[in-house]
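Just so we're aligned, residue 1 is where the sequence shown starts under this note's numbering, counting upward by one.
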Amino acid sequence: MVFPLAVDSKFLRNFCIIAHIDHGKSTLADRFLEVTGVVPDREMRAQYLDSMDIERERGITIKAQNVRLPYTCEEDGVEYQLNLIDTPGHVDFSYEVSRSLQACEGALLLVDAAQGIEAQTLANCLMAMEADLTLIPVINKIDLPAAEPERRAEEIENLLGLDAADCMLISAKTGKGVGELLEVIVERVPPPRMVGEVATCPLRALVFDSHYDRYRGVVTNIRVVEGMLSQGDELHFMATGASGTAQEIGFYSPGPTAVEVFGPGEVGYLIPNVKVVSEAKVGDTVTTKKAGAAEPLPGYEEPCPMVFCGLYPAEGETYANLRDALERLRLNDAGFTYEPETSTALGFGFRSGFLGLLHMDIVRERLEREYDIGIVATAPTVEYRVLLPSGEEAPVDNPSKLPRQVKEIREPYVAMTILVPSEYLGTVLELCQTRRGVQKRLEYPTSTRVELVYDFPMAEIITDFFDVLKSRTRGYASLDYEAIGYRVGDLVRVDILLNEEIADAFSSIVPRENAYFYGRAMVEKLRELIPRQLFDVPIQAAVGGRIIARETVKARRKDVIAKCYGGDVTRKRKLLEKQKAGKKRMRRVGRVEVPQEAFVSALQIERP
Ligand code: GDP
Ligand code: MG
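Following this line, the structure appears as structure tokens:
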């Protein structure tokens, strides 16, 4: 097959799909692959583009994919090259979303006809509008009996100011309307804007995704903004300063197909021959080493961890194994940070930073699944800033490291948007109140839904806020948030003592007014979780050396084989083995055996 030097940008359409989880993004992508003949019917399997196990299981996209769809337009009979760019849909990855949007000229806003638009979708749409993308509202699942396409169209018009009459009605499941949608994409999404003379302009390409492939090394997804990129070019990454070579460039359709050259406006993959993803980061600009661009594309940001926790080897694992696993994972994930730390309770481990809670969950899950290593994780925390008596300011990402003497503690805040059916307004307002929320706005985009905007201390939402919100609203509320900087808080550190010794892994920073309640709840929870030992184990909570709560786990000698006297040996052995397996999930803190789940018990505390 001969490939043209580069595709004429007139015939390019780059677009993405913005949708809430389960509104049908993957199903629609499947239909596109089918209708354009990229995947023959017989090879079609559901959710074709979701590759990672965790993605399929959770129904989310972590890494952006992109796929090239050749489409012959019915209107003019010309073949267009459509590039569908998949964007992550979770608030933890909003920077990645913003970069993917930069690679597009258009976005489909996909809304479930029975559910309506959700807060995160709204936030991503606003981001797309700011990036000057053409939005095409699409109402999906019109085959459902509960579908209310008119109401959805009205909501879209009121929330985003898009004309209700422009909404496309489709069923990604049956395929109804999908053909027309492709026509509309060609018609409404503009071709890439050309800047500068193609032949003479230095290369500037945006990296909108970067991941590590075990066989191929670092693979980036890029959008050429100006100039040409040829296979074999010597490359320069402008933000990280890394050097590379365009070892291979190409596109997915859906398997990888190599090409010789990319022209302006084109989207595809680039294997830049660098060692780790942190050399080719999302948002960076690639140019050629010789006669390269002077200025990078705007908008690059360093990934900034928002949530922190300690990661320690589980019983029976070694520190070295954990360090190797973290090192390997880091090759693949530039958004995650770690540095060694020591805990008196847990020994040697690492303080790790994540983009958000979901990101933290994913990293922990990947460590256990893909790297097969048992870990003990401590409860998540935000990064505080403290003002020391000397006037110096210091970051604190581990509550046990909070200095005794501080002038002021400041904590990170987020601005949150919540969308909820109006019948749940009361319970949501109450929840926001108990989480130190400051109401900024309350509006009704339609008669049945409320849009709330609040400022929250981030610490209040990294525990169970989302779960509680979902359960109070039967799953009908959705939220989105962004960081808005630091504010002073009246905060104190609560320490937990096991057997009279501070177990630093349990220390926590909480509002002074909640300290007593929190200390009480923690010692009660730990008393439930810590099994009886050979001696009494006092569990205490303390603020600044003063004990505020106490419980005791009473001693008991557990003689598992006592009841087997006279019985057969195999039964006895089985029991002992069972006891040994049970022990594996324990961590020793001083003389006390503590089950691993206890370290995140702060997350299970139910608040009034
Ligand atoms: P994603 O999370 O946005 O990728 O959503 P999926 O494509 O995984 O779809 C979520 C669920 O909705 C799946 O069970 C799909 O089969 C179903 N679904 C998607 N599109 C339609 C549709 O047009 N009609 C109906 N009835 N179900 C659909
Ligand atoms: Mg999906």
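Virtual Cβ for every residue (Gly too), placed ideally from N, Cα, C.
Phe-465 is classed as buried because its beta carbon has at least 16 other beta carbons within 10 Å across all chains shown. Excluding five sequence positions before and after Asp-92, the CB atoms of its chain that fall closer than 6 Å to its own CB belong to Leu-355, Gly-356, Leu-358, His-359, given in chain order. Per DSSP, the unbroken beta strand (DSSP E) holding Asp-495 starts and ends at 491-498.
Per DSSP, Thr-27 is one residue of the alpha helix (DSSP H) stretching across 25-35. If you draw a straight line from the Cα of Asp-397 to the Cα of Ser-343, it is about 14 Å long. A straight-line Cα-Cα distance of about 10 Å links Ala-103 and Gly-283. Only exposed fits Glu-528, as fewer than 16 other CB atoms lie within 10 angstroms of its CB. With a cutoff of 7 Å, Thr-342 does not count as near the ligand GDP, since its C-beta is closer than that to no heavy atom of the ligand. Residue range 357-369 is occupied by the alpha helix (DSSP H) that includes His-359. In the structure shown, Val-307 falls within a strand segment according to DSSP collapsed to helix, strand and coil. Look at Gly-349 here: in three-state DSSP terms it is strand. In this structure, the beta-carbon distance from Val-286 to Val-195 does not fall below 8 Å. For Ile-17 against Leu-108, the beta-carbon gap comes to about 5 Å, under 8 Å, which counts as contact. Residue pairing by DSSP places Glu-339 opposite Arg-351 in a beta bridge. In the structure shown, Ile-461 falls within a helical segment according to DSSP collapsed to helix, strand and coil. Assigned with DSSP and collapsed to three states, Arg-404 falls in coil, not helix or strand.
Contact between the segment 301-314 and the segment 368-383 is present: 3 or more CB-CB pairs across the two stretches fall below 8 Å. Residues of the same chain with a CB within less than 8 Å of the CB of Glu-154, apart from the 5 flanking positions on each side, are Ala-164, Thr-446 in chain order. In this chain, the alpha helix (DSSP H) harbouring Tyr-319 covers 319-332. The beta carbon of Asp-143 sits closer than 8 Å to those of Ser-171, Lys-173, Thr-174, Lys-176, all from its chain and outside the five residues before and after it, given in chain order. DSSP places Asp-504 in the helix class (H, G or I) of the three-state scheme. With a 10 Å radius around the Cβ and a threshold of 16 neighbouring Cβ atoms, Arg-512 comes out exposed. At least one heavy atom of the ligand GDP lies less than 7 Å from the C-beta of Asn-140. Glu-130 carries a helical assignment under DSSP once its states are collapsed to helix, strand and coil.
Annotation for Lys-440: Val-453, Tyr-454, Asp-455 place their beta carbon closer than 7 Å to its own, counting only its chain and skipping 5 residues before and after. Counting the other CB atoms within 10 Å of its CB gives Met-458 a total of 16 or more, which places it among the buried residues. Going by DSSP, Phe-517 is part of no beta strand (DSSP E) but of the alpha helix (DSSP H) stretching over 515-529. When secondary structure is reduced to three states using DSSP, Asn-124 falls in the helix class. A contact between stretches requires three or more CB pairs, one per stretch, nearer than 8 Å, and the segment 469-489 meets this requirement with the segment 411-419.
When secondary structure is reduced to three states using DSSP, Tyr-215 falls in the coil class, being assigned neither helix nor strand. By the CB criterion at 8 Å, Gly-106 and Phe-15 fall inside the cutoff.
By the neighbour-count criterion, in which 16 or more other beta carbons inside 10 Å mark a residue as buried, Phe-506 falls on the buried side. Distance check between Ala-602 and each of Phe-517, Met-586, Glu-551 places Phe-517 closest, using alpha-carbon atoms only.
In this structure, Thr-121 lies near His-20, with their beta-carbon atoms less than 8 Å apart. In this structure, the straight-line span from the alpha carbon of Val-178 to that of Val-276 is close to 39 Å.
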